[in-house]
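Read the structure below first, then the notes.
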Amino acid sequence: MSSSRQRGLSLVEVVIFIVVLGISLAGMAVIYNQLTLASVDPVVRKQAVAIANSLMEEIQLRPFTLCDPDDPNVFTAPVPPCTTPEVIGVEGGETRYADPRFDNVSDYNNFEMDLATGGIKDIYD
């Protein structure tokens, strides 16, 4: 009596292997898709922080005085007193985007990025 064993996989084993492999690849594709979608958020956050830092640096570079920066007594006020005191908020049609530009820290009081005019712009636009 000779006992010869056959080697190889049966059809059922091959089908089960293909099903398990397909399920695992589908699961990995879902995870990969979620990671790809989540990786965009840090880029947007970094851009927002960069824009905020840029605007803060722009504001810090402006003088903070009691007089309007065009006033001749700007650096000696309150003695002698200002001929043109600085108004808190925008005065005289000053804007961030066109002449006459903001010239004092207080001009940025209640400043908002206007989405109707394009939102965030470079100071030199």
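Here my numbering = 1-based position in the sequence shown + 10.
Cβ atoms here follow ideal geometry from the backbone N, Cα and C, with glycine treated the same way.
Between the CA atoms of residue j and residue i - distance to the nearest angstrom
| i | j | result |
| --- | --- | --- |
| residue 103 | residue 80 | 15 Å |
| residue 30 | residue 39 | 14 Å |
| residue 72 | residue 52 | 31 Å |
| residue 76 | residue 107 | 23 Å |
| residue 116 | residue 98 | 5 Å |
| residue 58 | residue 37 | 33 Å |
| residue 66 | residue 47 | 30 Å |
For residue i, the residue or residues it bridges with in DSSP
| i | result |
| --- | --- |
| residue 105 | 111 |
| residue 92 | Answer by DSSP bridge pairing: none, since residue 92 is not bridged. |
DSSP state of residue i mapped onto helix, strand, coil
| i | result |
| --- | --- |
| residue 52 | helix |
Interface flag, residue i vs chain B, CB-CB below 9 Å
| i | result |
| --- | --- |
| residue 35 | The chain labelled as chain B is not found in the depicted structure, where only one protein chain is given. |
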